[in-house]
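Asker: Would you mind keeping the following structure in view while I ask a few things?
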Amino acid sequence: MNPSDDQSMAQAMQALEQRDFARAIDLLQSELARQPGAAAHATLALAFFQSEQYALASQHYASALQLEPQRPQWEAMLALASANATASIHVHVPELRYFDRDTLLARPAVGQRDLPGPLPARPGPGLLGQWRIALGDGLGEAITAVMHVVTTTFGRLAGYRDAVWTNWYHRPQALGILTLAYMRDRLNADNLGTSYPQGALVGFQPQGQVPPPGVTHFRTADGSWNNLADPKEGAAGTRFLRNVEHTAIRPETGTQLLTPNPREISLKLFSRGNGPTGAAVMHEVPFLNMIAGAWIQFMNGDWINHGEIHYKDAIEVPLPDDDPARTRYWQTKMFIGKTQADPTHMSGREVAARTSINEVTHWWDGSQIYGSDQATQNRLRSMVGGRLTLQEDGRLPLDGKGVEDTGFTRNWWVGLSMLHTLFVREHNAICDHLAQAYPDWDDNRLFNVARLINAAVMAKIHTVEWTPAILPNPSLAFGVNMNWYGAFTNMLRKGKARKTVADINVRNPEMGGVVGNPVDKHGRGFGLTEEFVEIYRLHSLLPETLALRSFSGGGAHETVPFHATRQSGSSKITGRFSIADLFFSFGNQHPGALVLNNYPRFMQELSIPGNPFFDMGTVDIVRARERGVPRYNEFRRQLGLNPIRMFEDLTDSAEHVAKLKEVYGSDPADVEKLDLLVGTLAEGRRPTGFGFGETMFSIFLLNATRRLQADRFFTDCYNEDVYTPEGLHWIDLVDLKTVILRHYPELAATGLTNIRNAFEPWDADETLSPERHPLRGCDPELKIDPWRGEAHRNPGRG
Amino acid sequence: MIWFIRKWFWNFLGWVKITLNKPLDIPLPPETRRSIVPVPLGSAIPAIPIKGILVCPPDQIPPDERSRSKTLVYKLQVWLYDAFSPMQAGLPPVDADGERALKNAFTWLHRTRFNPPEMPAEYLGSPDLGSLAVRGPYACYTERCEDGSYQWDLMQLARYAHHEGLHKLGAKVLFRIDPTRRALQAYRIDTTLGCAEPGDAGWERAKKIALASATTHLSLVRHFNGVHLIGGAYLAIATRNQLPPTHPLCRLLWPYMFGTLQSNDIVTRGQMVRGGEFETIFSFTFEGMCQLYEDSRHDYRVIVNDPHDDARARQVLAQGFDTPTEDNLRALFEPMHAFARNYLQIYYPESGPGGATRAIRNDASVLAWLDELNALLPHGVDVSRADVTFDNLARLLARWIYLVTVQHEILGSFVWNYQLWTQRQPVRVYQNGQREPLDVYQRLVNANYNLNVTRRALMHDFSYMALDAPAKAAMEKFTRDLTALQARMEAEPRAVWKMYPKTLKVNINA
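As they're listed, the protein sequences go chains A and B. For the first sequence, our numbering begins at 2 and goes up steadily by one. For the second sequence, our numbering begins at 41 and goes up steadily by one.
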């Protein structure tokens, strides 16, 4: 039946188009009572879908399909509606809340009892210790002076870029690292911008505030007082900073915001291809597992979020005429809620045309676990033994909506649930360890010291494991280990014998490591940036479905649509699969490559609370434009990179070039329109082994060091007085594999034991392939037979 | 300085023992043998006043096993316990960091002969008792309770006299099934200090007492009493006394029991005498330890040498949780059982219904062998002359092979990877919360180190024992089956809790 043949149906369709879903439902229910039919069921299902009544939508799509089974579109909608119902997607997680100017401008609130007082300082070093410190300082002074001259001279003479692309990865390793050091120095000199007026403290705080007790030794819940002279630097509720000149920040509006049409970009340049069954085919990264994909979102939850979007003030993106969503959702536009404005922005009185607020602390402080405010932190704590609350079965507690309760729950899915659970357990294990060493410590001291240690554990894993896993390049691998340990330790010690703060700690960030050496902000206060946010749009990593199975071969085996793992769908999965099974499943599944036409199809038709049809691909384009992040070529210029001259510079793929020209135009000047995300995904010339290109890498190069180097707790305060000797030792011994095995020892007989880096595929074979485990080829500890798996190196005891 | 000298003296002695020790060459059974009349342990070794356990007296150790040099070394060692004891009062506790403590005790000299232990994943944090209940050596204690929960019941250890300053051993750990994880989860531990549950202040201490109880029971009762003094020794005595040298069963069992009586004599002195390893390492006083041995011999059941029947009796199979160690043990038992059946079929063929059983029942030597075993073992061997069949005799033979190979390994050398992490599972739990002193830990390391002396491998070719070509073929097939199992296991990732055919030794002799 054609609905338009019927007057009642026509009215219903009109109501749908006008987004009057209640009226559409009334009409369609009457119609269905009068004349049951597949189309009526399907249309009613759509009305329920659009009004976020997903269970009812699911029922009616099922009824429609019973009457007319061969309707792929209805089948797809049924699957989506069912998944949305399972995950209770209509529920806002967390509760809706918007920034409040007075709260943002208020002084940091650290209660008298929030932090323990510092313990008396440990006895100073003995004679030998003093000699070591003096030696480290002396060496550091000398090396710093020499390094500066060498790096600058080499960088200037040799250069770091060719006609378009950088060239460090074509050089021998030592020179490649020197080139990277030069590039980083330039970025630190030229690309650290603030979003606050000159002379203002972060968050417009008054000068001269007195640090409350405890902040010298412990992280506060909201990230305040990391800098004792600028109390809100890096705190939650402060502005994102910028890595580009103010003049380059041009928030786009009107026609410019929608040109080229972001939905068209999404459909043409992002969409995955079809397999034989019509299902999306993902281009996989062979050397990574899905834990790496979940990990970066886990980290992003620690670092950055713009908070709730506006639901009533939306950007309306016209759907192209041939957009299948037009018929599927019976709408002609997509609605994207605008980014919350910064209520502290003084329009017309600031240099920055636009500013945005970071909802979470900018610091690498584990705020995704602990929350970014004291009330959340208190809610999550058990108040016994410093521990965080877990259910009896070791899973995260649930909130009233059936979603796991933790420090940061936006965009929640089961991958986050796994990692949050793991690091809550790690926190509790650290508490137990500290309690054994310091039996007289109270809950608050145990909690706060454990938090410092746990945050450092996560930072270390990200720095020395996740980063080289996604960018498996020998120079880069050495470089990130240099950041953490320093070149000397990295060259002289292997594996877990490496100490973050060496016995002779060379006071130089390259040779002695950033961590444990003096804080250095390069003259600018710390905060993560809008540009940083934009380069972490890594949605292409996500697959369409998750293949979940038991590590021991028994139990359930399911292929779960990604939709169904979101929000409360996550706890339903952890009720069926153990966290160990989930890690095993993720360890054996690949993420998608960060390339064009590899965007998850499910994210192009995502439902979010308040908006049943939301294409994240479109949103990814719109956000950069809305927030004034320059388009690709200007972004590169701002970072000291050469712009591309033509689309052919980007990639050798004729198909991609043709598509780019189709969308952006074929005039040479049209390359300037190229969106940042599209450009980064299109970059075909990438540093050897890299999972993403050099444009993203430049922001990464700047921030990977800065996140550590600007944080007092990774630099000046990374010592035994603050972390305890036990804490420093815990961090030295840790890697992700150890953390997973510590809490899920049942995984000891899986591929996890066969690999060194837990972000690699958990292959159990005796011989590991270079394509899937490239880091083994440059691992100094694996000079003999690097491709033999760890679990096959020493069969049998002893 | 004295401690430095003492420590290095004993380290060196241990190193010499492990360096000079060579795998036994196992000759064919001698033509002439003298019958062995076992006597109470206290009579054989007056320094160990245990009456209930019968052993082969030193003067009856068969000449083909006797080693004067080894006996001399052990006598010297025991003399040194008094003359220059490895123990020194008043030493500080070991380092809080397990790796550092081990590095200090397991020195470069040790490492020249043997790799350091590998930490099981269960000990990377506070020990996961639920995982230990199904993986590794302590899985043998897991049994079903009447209410459907599971337990380790080691409360009986509280009865024995302890050294001063220690918490009493003895614990009952209760586990419930986590169906999602298909695992056991410890939810309560009873000790003499009371009951503790996760989250309680006393939970970690209760875990330590539970693990100290388990590891003590494993080493003293399951390993030394069960495998050495009862199982292994009685197999050797009965076999030597009742099976003629050309009897097929004698040839079958010979590699698995040769050397046991000599070895037991020397190691019993080294470990059980006053001032020996057991008294000075573990929690019990010498008197307490002797009483434990007296009592626990009554608990010995031959079924522990049968991973199928033992797991069934403890009701741990197919109960909704994974049992990897049980699976591993049963996989190891299978080729042994197949070997016993193949071998028996050669000499007791099924020439008609019940023919094999009839042939066995007509074999006076086998019946006498069973009689003696049933007389020696406190609860017999579950097979007697009245009910022996082809099937149960084959199973009994497999159990004996399993006893001296798998059981001895998992309860002995295998503990290497578990027992040395005393920060996680102490051998003593001090009332003042301290860790073991340096001397106790050093001796624990050295005692375990010496359990790893090189011994003849199970997969060695013993087909020269065969009486004929079919027996030779059966023995060779056994080796091939073990090799195939090894290959299958090596195709999977290695784990600390897994036992491999390649690591198994053919008998229990040091």
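Glycine residues also receive a C-beta, built at the ideal position from the N, C-alpha and C atoms.
Regarding V267 of chain B and the ligand NAD, is the C-beta to nearest heavy atom distance less than 7 Å?
Answerer: Only the bare structure without any ligand can be found here, which leaves the ligand NAD out of the picture.
Asker: Can you name the start and end residues of the beta strand (DSSP E) that E559 of chain A belongs to?
Answerer: First-last of the beta strand (DSSP E) with E559 of chain A: 558-562.
Asker: Which residues bound the alpha helix (DSSP H) around G139 of chain A?
Answerer: Residues 128-159.
Asker: Against chain A, which members of the segment 206-222 of chain B pass a CB distance test of less than 7 Å?
Answerer: Going along the segment 206-222 of chain B in chain order, one finds D218, T220, R221, R222 with a Cβ nearer than 7 Å to chain A.
Asker: Measure from the C-beta of G752 of chain A to each C-beta in chain B and report whether the shortest distance is under 8 Å.
Answerer: By this cut-off, G752 of chain A is an interface position.
Asker: Quick one: measure Cβ to Cβ for G618 of chain A and Y633 of chain A, integer angstroms, because I've assumed they're closer than 8 Å.
Answerer: Actually they are not in contact, since the Cβ atoms of G618 of chain A and Y633 of chain A sit about 16 Å apart, beyond 8 Å.
Asker: Along the chain, which unbroken stretches of the beta strand (DSSP E) at least 3 residues long are found entirely within the segment 209-268 of chain B?
Answerer: Segments of the beta strand (DSSP E) lying fully in the segment 209-268 of chain B: 211-218, 223-231, 234-236.
Asker: Tell me which residue opens and which closes the alpha helix (DSSP H) that D193 of chain B is part of.
Answerer: That residue, D193 of chain B, is in no alpha helix (DSSP H); its beta strand (DSSP E) goes 190-193.
Asker: Assign M347 of chain A to one of two classes, buried (16 or more other C-beta atoms within 10 Å of its C-beta) or exposed (fewer than that).
Answerer: M347 of chain A comes out exposed.
Asker: For Y540 of chain B, collect the residues of the same chain with a Cβ closer than 7 Å to its Cβ; drop the 5 residues on either side in sequence, then sort them by chain order.
Answerer: The answer, listed in chain order, is Q526, M529.
Asker: Helix or strand or just coil, what does DSSP make of H150 of chain B?
Answerer: Looking at H150 of chain B - three-state DSSP - the assignment turns out to be helix.
Asker: E285 of chain A bridges to which residues according to DSSP?
Answerer: Answer is A:G593, bridged to E285 of chain A.
Asker: Would the beta-carbon of E246 of chain A fall within 8 Å of that of G194 of chain A?
Answerer: Contact: yes.
Asker: Out of B:P103, B:A145, B:D521, point me to the one whose CA is closest to P375 of chain B's CA.
Answerer: Out of B:P103, B:A145, B:D521, B:D521 has the C-alpha closest to the C-alpha of P375 of chain B.
Asker: I think R72 of chain A touches L66 of chain A, with their Cβ atoms under 8 Å apart; what is that distance to the nearest whole Å?
Answerer: Their Cβ separation, rounded to whole angstroms, is 6 Å, which keeps R72 of chain A and L66 of chain A in contact under 8 Å.
Asker: Taking a cut of 7 Å between CB atoms, which residues from the segment 233-250 of chain B lie near chain A?
Answerer: Per Cβ criterion, the list reads G239, E244.
Asker: Could you name the residues of chain C that L164 of chain B contacts, counting a contact when the two beta carbons are closer than 8 Å?
Answerer: Chain labels in this structure do not include chain C; the protein chains are A and B.
Asker: Can you tell me whether DSSP reads D322 of chain A as helix, strand or coil?
Answerer: Reduced to three states, the DSSP call for D322 of chain A is coil.
Asker: Which value, in whole angstroms, describes the spacing of the CA atoms of T696 of chain A and L642 of chain A?
Answerer: T696 of chain A and L642 of chain A: Cα-Cα distance of roughly 8 Å.
Asker: Below 8 Å between beta carbons: does that hold for L164 of chain B and R743 of chain A?
Answerer: A contact, by the Cβ cut-off of 8 Å.
Asker: Secondary structure at T286 of chain B, three-state DSSP: helix, strand or coil?
Answerer: Note: T286 of chain B maps to coil in three-state DSSP.
Asker: Quick one: is E317 of chain A buried, meaning 16 or more other Cβ sit within 10 Å of its Cβ, or exposed?
Answerer: Exposed, because fewer than 16 other Cβ atoms sit within 10 Å of the Cβ of E317 of chain A.
Asker: What ranges does the beta strand (DSSP E) occupy inside the segment 405-432 of chain B, keeping only unbroken runs of at least 3 residues that lie completely in it?
Answerer: Fully enclosed beta strand (DSSP E) runs of 3 or longer: not present.
Asker: Against chain B, with Cβ distances strictly below 8 Å, would G576 of chain A count as a contact?
Answerer: Yes, its Cβ sits closer than 8 Å to a Cβ of chain B.
Asker: Mind checking which residues open and close the beta strand (DSSP E) that includes S52 of chain A?
Answerer: Run containing S52 of chain A: none; DSSP gives neither H nor E here.
Asker: Grab me the residues of D193 of chain B's own chain with a C-beta within less than 7 Å of its C-beta, minus the 5 sequence neighbours each way, in chain order.
Answerer: Once the five neighbours on either side are set aside, the close Cβ partners of D193 of chain B are K212.
Asker: Helix, strand or coil for S272 of chain A? Go by DSSP, reduced to three states.
Answerer: Reduced to three states, the DSSP call for S272 of chain A is strand.
Asker: Determine the extent of the beta strand (DSSP E) in which R708 of chain A is found, giving its start and end residues.
Answerer: It is not in any beta strand (DSSP E) - R708 of chain A instead sits in the alpha helix (DSSP H) that spans 695-710.
Asker: Tell me whether the segment 105-114 of chain B and the segment 427-439 of chain B touch, counting them as touching only if at least three CB pairs, one residue from each stretch, are closer than 8 Å.
Answerer: The answer is no - the segment 427-439 of chain B does not touch the segment 105-114 of chain B, with fewer than three Cβ pairs under 8 Å.
Asker: Pick helix, strand or coil for Y537 of chain A, following the three-state DSSP scheme.
Answerer: Coil, per DSSP.
Asker: Whole angstroms are fine: how far does the CA of N412 of chain A sit from the CA of I310 of chain A?
Answerer: Computed Cα separation, rounded: 13 Å.
Asker: Please tell me whether D504 of chain A has its Cβ less than 8 Å away from any Cβ of chain B.
Answerer: No, no contact with chain B.
Asker: Residues of chain B with CB under 9 Å from D433 of chain A, in chain order?
Answerer: Within 9 Å Cβ-Cβ: G165, S166, E244.
Asker: Apart from the five residues just before and just after G528 of chain A, which ones in its own chain have a Cβ nearer than 8 Å to its Cβ?
Answerer: The residues are T195, S196, V203, E234, G235, T239, R240, F241, L242, N359, H363.
Asker: May I ask which residues mark the beginning and end of the beta strand (DSSP E) holding K334 of chain A?
Answerer: Per DSSP, K334 of chain A belongs to the beta strand (DSSP E) from 334-338.
Asker: Would you say D733 of chain A lies against chain B (beta-carbon separation less than 8 Å)?
Answerer: So no, D733 of chain A is outside the interface.
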